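Residue numbers (the numbering used here), protein chains in the order written: chain A, 62 to 222; chain B, 18 to 272.
Printed below as a string of structure tokens:
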């Protein structure tokens, strides 16, 4: 009988250990807070070009992560991108004339949204819209712009080999 | 008559076995009410398949994690990116190595034990004796072993992953000087809950497959000493191949 109870105890401990391991993985290896349900308020912004911005990309202000991109849609009427941002509730004093820009982490890194503060006395609230937006800088466009200006400077478009 | 050794014969044999094992799975699931009627039988099998595999799983996990730490730092230092060691080790373990290596070890440790136990019962006519006594051997013997294995594998995978991550953490942070804060914060930055669910889903599927193959091979073993040995060998071979194929299919479906 003693052997049986030791075995039961061992099995119970094993099951407990297994679930503790899963709990450890779910809490320690990933940042659950950012994904937890509906917390935070939603703000929309329209961009001409989001160039590779992904859902769940970070939304930052002064370099600090304050939320996530929740939804990206194409607006067929206005022919621009409608991006829904979810911002954490504790950051509820963002002026409503703040601007949003699609930025790139590093030279070729992933895209994120940077919010620059405005000066208004009223704050962004749920489902308000950020009016001032700046689209992503697309590297190809930048390169072609640079090449064209080079061609103009050297005169007549004759680039030296 | 198809020649037994030919490719067509092999394919037909494989298809026949696949069909028979799916049918067997249905039979087991129909009889798995025993898990509620007599939970002690299942607890015993969780002990056999899970607790007794714990040492081998933890040892392997520790060394797999430590080698990932060594190789990770070596590879990432060429890119000056040692800080993402935690993220890369966690993703590799959670999504791929954890479920697959645990399932392969499980096949070697618990699958062979199941197959040879049930095969020996077949060879010594214990299963037939049960049928004579109007006890359904699938219900009394096979179903609890299948359930015990299928429940144990996801738990073992979780343990393997945790020990592996801690092993890589020990090597990376304490031996090779990766920053402790960067190790964990980069991991939390890049690992999504979906990655963890993917691993759990995989290990659950592997648990069903590995346990099913083991009990199927044991139950259908040729009732001789040689037959039991063959069944045990086939369990390991078949489980390994099936798990690696399933892994590809599940990954392709989920990505």
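From the three backbone atoms N, C-alpha and C, an ideal C-beta is built for every residue, glycine too. Only a predicted model underlies this, so the values are computations on that prediction, with no experimental measurement involved.
### Strand pairing of residue 189/A, partner residues [DSSP]
104/A
### Query
Going by the CB atoms, is the gap between residue 159/A and residue 177/A shorter than 8 Å?
Yes, these two residues count as a Cβ contact at 8 Å.
### Task
Using a threshold of 8 Å, state whether the C-beta atoms of residue 133/A and residue 116/A are closer than that.
yes
### Task
Within its chain, find whatever has a CB closer than 7 Å to the CB of residue 110/A; leave out the 5 residues flanking it on each side and keep chain order.
196, 197, 199
### Message
Could you compute how far the alpha carbon of residue 211/A sits from the alpha carbon of residue 144/A?
### Response
35 Å
### Task
Grab the span of the beta strand (DSSP E) containing residue 40/B for me, first residue to last.
First-last for residue 40/B: 24–47, but that is the alpha helix (DSSP H), not the beta strand (DSSP E).
### Query
residue 108/B and residue 212/B look like a contact to me (Cβ under 8 Å); what is the Cβ gap, rounded to whole Å?
Sure, about 6 Å apart at Cβ, within 8 Å.
### C-beta neighbour in chain B for residue 114/A, strict 8 Å
So no, residue 114/A is outside the interface.
### Task
Determine, using beta carbons only, whether residue 148/A and residue 161/A come nearer to each other than 8 Å.
no
#### Entry: Residues of its chain near residue 203/B, where Cβ-Cβ distance is below 7 Å and the 5 sequence neighbours each way are ignored
Within the same chain, 100, 101, 103, 104 come within 7 Å of residue 203/B by CB-CB distance, once the 5 residues on both sides are set aside.
### Task
Measure the alpha-carbon distance for residue 155/B versus residue 51/B and round it to whole angstroms.
10 Å
### Query
Should residue 154/A be flagged as near chain B, meaning a C-beta pair shorter than 8 Å?
no
### Query
How about residue 204/B: is its C-beta nearer than 8 Å to some C-beta of chain A?
yes
### Message
If I measure Cβ to Cβ from residue 121/B and keep anything under 7 Å in the same chain, skipping five residues before and after, which residues do I get?
### Response
Answer for residue 121/B: 257, 260, listed in chain order.
### Message
Measuring alpha carbon to alpha carbon, tell me which residue in 150/A, 171/A, 164/A is nearest residue 187/A.
### Response
Residue 187/A has its Cα closest to that of 150/A, out of 150/A, 171/A, 164/A.
### Query
Going straight from the alpha carbon of residue 166/B to that of residue 193/B, what length do you get?
Residue 166/B and residue 193/B: Cα-Cα distance of roughly 38 Å.
### Task
Reducing DSSP to helix, strand and coil, say where residue 184/A ends up.
strand
### Task
Would you identify the three-state DSSP class for residue 116/A, choosing helix, strand or coil?
coil
### Message
Can you list, in chain order, the residues of its chain with a C-beta nearer than 8 Å to that of residue 252/B? Leave out the 5 residues immediately preceding and following it.
### Response
124, 128, 129, 131, 132, 230, 231, 234, 235
#### Entry: residue 150/A, enclosing beta strand (DSSP E) - first and last residue
Per DSSP, residue 150/A belongs to no beta strand (DSSP E) and is neither H nor E.
### Task
Could you please give the first and the last residue of the uninterrupted alpha helix (DSSP H) stretch that includes residue 166/B?
160–186
### Message
Classify residue 28/B: buried if its beta carbon has 16 or more other beta carbons within 10 angstroms, exposed otherwise.
### Response
exposed
#### Entry: 8 Å Cβ cutoff met for residue 163/B and residue 228/B
yes
### Task
Would you list the residues sitting across from residue 165/A in a DSSP beta bridge?
172/A
### Query
Any C-beta of chain B sitting closer than 8 Å to the C-beta of residue 158/A?
no
#### Entry: Extent of the continuous beta strand (DSSP E) run through residue 128/A
Residue 128/A: member of the beta strand (DSSP E) spanning 125–136, first to last residue.
### Local conformation of residue 72/A per DSSP, three classes
helix
### Message
What does the alpha-carbon distance come out to for the pair residue 140/A and residue 201/B?
### Response
42 Å
### Query
Identify the residues that DSSP records as bridge partners of residue 195/A: which are they?
162/A
### Task
Could you check the C-alpha separation between residue 72/A and residue 159/B for me, to the nearest Å?
19 Å
### Residue span of the alpha helix (DSSP H) that contains residue 191/B, given as start and end
Element bounds for residue 191/B: n/a, residue is neither H nor E.
### Task
With 9 Å as the C-beta to C-beta threshold (strictly closer), list the residues of the region 190–208 of chain A near chain B in chain order.
none
### Query
According to the Cβ coordinates, are residue 33/B and residue 189/B closer than 8 Å?
no
### Message
To the nearest angstrom, how far is the alpha carbon of residue 25/B from that of residue 35/B?
### Response
15 Å
### Query
Helix, strand or coil for residue 147/B per DSSP?
helix
### Query
What does a CB cutoff of less than 7 Å around residue 240/B pick up in its chain, not counting 5 residues either side in sequence?
Within the same chain, residue 240/B has close Cβ partners 139, 140.
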